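Visitor: Residue numbers (my numbering): 17 to 1118.
I am attaching a structure below and will ask some questions about it afterwards.
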């Protein structure tokens, strides 16, 4: 049996198979079939469940409560239909998953008296069945006869299969069970009902008895009955009138053992049923050596294979008399009918079941390839980044197709450099749907995956897409996943609901999909589709030039019967970058948004005329006009922008209603002849899952934006975590919190951990606080490790956060990596802190203890390694592995901050930014950061170029702004701007406009601010101190000056201001330098250390 099933059904399906019935009963044919199929599904390796509303206590172990079952779109629900159901049928019909009706037949209600319960039950059941058929996807019948009924009701023949009832072999005879057949004994099994024909059977028995009493000595009717039922009372009356009260027995429901005895003692099984959808006893009887004589009605011929059937009662009776006198013919009939019963063994039915499932499930590896389509318009740098990261995929079975709009920003030149490695097409119109359809036509992969040019796929994106499609039923024609919103480490959205009115429900609970009017949509930048389904269905409606395009396609697909899946592990990072359609928080293409909203609603809502127009007016007022009005009244947008937006919304509504008259605007897609063209992956890159194992990394830090505020350490870990996630690893972060809670976003979990103060008598408060946090963090790491083993722990030296972890026996904890940053002693000396010698020694001892007990040490620069070595009198050994910090090599502009638009900042207006050369200083205004050198150099800098303008951003606790006023000529002060503390968004915008950055710091363990400037191609003038020369390469991406030499700094700035060729060369060097010191390169270096530590810890220790 196993070989047969493996041949017919080789699948990676990971969902559940849930059989559903109103009541699971004892000794009931349908209930027995559920239990048998459950065993078969389990034998096939599936996760199988029986769910029922009611049950008999004898079968309670086989089922779960229907109300406790929660379905996902990956599951298969099989509803067993055999009559009207108040609970199970409606429950199954409303589930959002692959749904199968397994029809066991509902007796035509016309066969019962109109005032009977069976008449009502069957009439309601047949009416309900007709309502259910359009709501299900696949149709099984335990006979072709039953299946034909479903097909007549609209079931698709190509999705219809016969799955017969499993009829087990006869049980072994127990010692007290008689097996002697009693001549003249007739038996029939079935509830007492008119379709079973028991009244006719009694009459036939009476005729036989009259003709030959020995041929009809006793008739046993085994089955339940309703004492108040008219047909039952007719049967009793008929028995009495025929004088057969002593010769006919109606047993009611009996035990399995008693039932077996009746079958084994009888000489003939006689059935005059008017209507049987299958007839299990017709198969059971021959297996017990009992021949069956039945009328050729309903499904009897199919069940019995035509053996032992008769057209009328006379011929049946004649056959019975003939068999009485001919033992050879009697045995031949039994053998033939028993042979027919082999069609209903568990093995035989399993083959049929496997074939039926094979139409629902993909065979292993059915989906083999992906076509990645990127539609772009004037986003050259983002597109370059997307293509760059696609080279890191763990699965090579994909091609890349780029559809370029009418770009004029260098995109065409970029694409020329990729020609031969990707497929390229152009769309002369700024219409996203047209571009997507062009991409579909060029595609040759099994799956078409759309990603925006401003998005980055996780390294396992292709792998996860193929895994998800191959593990779900074939009805899954589209699949979406979440997107991390760049700069936040939080999801932009997860699951998305959509309805016929175009309303969206972000992060819709999974159980709400398919309920009411809510269906599923996909985030456009992470949406995938089965290619042949797109080709056959006309792809995207090209009326949607932007907005609601993928929502309309998803809705249309689901209305046509497809399922759309949500896969939490199919993840991208999305920048949500500025575009011609989206220029700021309130500056959108409102006309297109209104047009497409109205077109969508007119097409799918069912509204028309004035009702439609009124609905749309109210909706646009509520969703668009009121927020714009609020922004205008709060001074967030200008009057002209507000009025233009209102005008655009009105025009868009009218255009949308006009366009709806020609809905839909789809077309027949034509497949291009160009073959599948595999994308080239980055040589030597080690991908998770393919080359290296997936890790669970735990980071302990008190700084982790955006979850807790922080400085350099927080920035370091933010970029490291971002890349580790993109590479496919799981990351848990332990941070301080006012309450104990875990926030999960896919592979990232942030554990907010509440410190419980541990008082150490006589200890400095700062030290006591650090130790309290360290012990708290240890306990949190233990909890995380118990929940899921941690592979490696990473923490920085500052505040010795991981000290409590470090002193735990190395054999009893995961490996610990410590990153060396500026030590306490250096910071205290540079800031002039007055620290008691005893406290200072404790701080130093804690740091040294942490370093000595860590499994690996990562100095973030060569300079910090020598600084730590000197401060703690420790020599680097094989545990030390220098690895630079890194940041993303692209800028981050937030839509909620109006992207790159910079409002006036304390007298620094747009005209100043446009017409000046901005010399920027960012940092705390203190001597450690070299602000005194800036004060000294400003007069010379301003004198060197009339367009030079100094902008200083940072907190000013010591009043340096007043020092400037005394040292700089009054006529030059209007070119010096103090902005105070600024947000990260404003910092990004200032760097984008800067001519050069001043970085005169007297010590840095690394220096992330220069890297942030390099992202924008801004050269850096920096002091030759600390690790700065390792970041800012002199005459490559900036100019270095001697520490404390303000004249030399001023001279360097003057060179940049007066030599455009030098400035251009250093600007290009800055862009190249940040690519070298990128967050991806830093993460790869870190992972190499992790891998060595995990795979061979002794090597590092030695």
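The beta-carbon is built from N, C-alpha and C at its ideal position, and this holds for glycine as well.
Being a predicted model, the structure only gives us computed values, none of them experimental.
Tell me which same chain residues have a C-beta within less than 8 Å of the C-beta of residue 1059, skipping the five on either side of it?
Guide: 1018, 1039, 1040, 1041
Visitor: In whole angstroms, what separates the C-alpha of residue 891 from that of residue 812?
Guide: 19 Å
Visitor: Secondary structure at residue 812, three-state DSSP: helix, strand or coil?
Guide: Assigned with DSSP and collapsed to three states, residue 812 falls in strand.
Visitor: Looking at the structure shown, is residue 746 part of a helix, part of a strand, or coil, going by DSSP?
Guide: strand
Visitor: By a C-beta neighbour count over all protein chains shown, 10 Å radius and 16 as the cutoff for buried, is residue 188 buried or exposed?
Guide: exposed
Visitor: Can you give me the start and stop residues for the beta strand (DSSP E) that residue 538 sits inside?
Guide: That residue, residue 538, is in no beta strand (DSSP E); it is neither H nor E in DSSP.
Visitor: Considering residue 875, what are the terminal residues of the alpha helix (DSSP H) in which it resides?
Guide: Where residue 875 is concerned, there is no enclosing alpha helix (DSSP H), although the beta strand (DSSP E) it sits in stretches over 872-875.
Visitor: What are the boundary residues of the beta strand (DSSP E) that includes residue 834?
Guide: Looking at the DSSP string, the run of the beta strand (DSSP E) that includes residue 834 is 832-836.
Visitor: Mind pulling the alpha helix (DSSP H) runs of 4 or more residues that sit fully within the region 110-188?
Guide: Assignment of alpha helix (DSSP H) within the region 110-188, counting only whole runs of 4 or more residues, yields 133-148, 160-168 in chain order.
Visitor: If I'm right that residue 1122 touches residue 604 with Cβ under 8 Å, what's the distance once you round it to whole angstroms?
Guide: Here the chain covers residues 17 to 1118 and nothing more, so residue 1122 does not appear.
Visitor: How many angstroms separate the CA atom of residue 869 from the CA atom of residue 819?
Guide: 8 Å
Visitor: In whole angstroms, give me the CA-to-CA distance for residue 558 and residue 567.
Guide: Computed Cα separation, rounded: 13 Å.
Visitor: From which residue to which residue does the beta strand (DSSP E) around residue 571 run?
Guide: Taken as a continuous stretch (DSSP letters only), residue 571 belongs to no beta strand (DSSP E), being part of the alpha helix (DSSP H) at 565-575.
Visitor: Please state if the CB of residue 442 and the CB of residue 421 are separated by a distance shorter than 9 Å.
Guide: yes
Visitor: Just to confirm before moving on: does the CB-CB distance between residue 332 and residue 309 stay below 9 Å?
Guide: yes
Visitor: On the DSSP bridge assignment, give the partners of residue 96 in chain order.
Guide: Bridge partners of residue 96: 118.
Visitor: Going by beta carbon distance, what residues of the same chain come within less than 8 Å of residue 128, once the five residues before and after it are set aside?
Guide: 134, 135, 138, 209, 210, 211, 247
Visitor: Alpha carbons only, please: which of 76, 861, 92 is nearest the one belonging to residue 840?
Guide: 861
Visitor: Helix, strand or coil for residue 473 per DSSP?
Guide: strand
Visitor: Starting from residue 213 and walking both ways along the beta strand (DSSP E), at which residues does that stretch end?
Guide: Per DSSP, residue 213 lies in no beta strand (DSSP E) and is assigned neither H nor E.
Visitor: Could you say which of 731, 500, 486 lies nearest to residue 494 if we only look at CA atoms?
Guide: The option with the nearest alpha carbon to residue 494 is 486.
Visitor: What are the residues that DSSP puts in a beta bridge with residue 410?
Guide: Partner(s): none; residue 410 has no beta bridge.
Visitor: In whole angstroms, what separates the C-alpha of residue 25 from that of residue 370?
Guide: Near 6 Å, if we compare the C-alpha coordinates of residue 370 and residue 25.
Visitor: Could you tell me if residue 399 is buried or exposed, where buried requires 16 or more neighbouring beta carbons within 10 angstroms of its beta carbon?
Guide: buried
Visitor: In whole angstroms, what separates the C-alpha of residue 706 from that of residue 760?
Guide: 26 Å
Visitor: Roughly how many angstroms lie between the CA atoms of residue 886 and residue 752, to the nearest whole one?
Guide: 31 Å
Visitor: Quick one, are the C-beta atoms of residue 1006 and residue 967 less than 9 Å apart?
Guide: yes
Visitor: Check for me: the beta strand (DSSP E) holding residue 760 runs from which residue to which?
Guide: Its beta strand (DSSP E) spans residues 757-761.
Visitor: May I ask you to report which of helix, strand or coil DSSP gives residue 710?
Guide: coil
Visitor: So the candidates are 365, 1031, 318; which of them puts its Cα closest to the Cα of residue 353?
Guide: 318
Visitor: Report all residues from its chain with a CB closer than 6 Å to the CB of residue 1013; omit the five preceding and five following residues, and keep chain order.
Guide: Cβ-Cβ distances below 6 Å link residue 1013 to 936, 1029, 1034, 1036 in the same chain, with the five nearest sequence neighbours on each side left out; the list follows chain order.
Visitor: Around the C-beta of residue 522, are 16 or more other C-beta atoms found within 10 angstroms, so that it is buried, or is it exposed?
Guide: exposed
Visitor: Using CA coordinates, which residue listed in 228, 944, 202, 976 is at the minimum distance from residue 218?
Guide: 202
Visitor: Please classify residue 917: does DSSP put it in a helix, a strand, or coil?
Guide: coil
Visitor: In chain order, which continuous runs of the alpha helix (DSSP H) of length 4 or greater are located wholly inside the region 915-987?
Guide: DSSP runs (the alpha helix (DSSP H)) wholly in the region 915-987: 926-931, 947-960, 976-983.
Visitor: Just grab the DSSP bridge partners of residue 715 for me.
Guide: 749, 810
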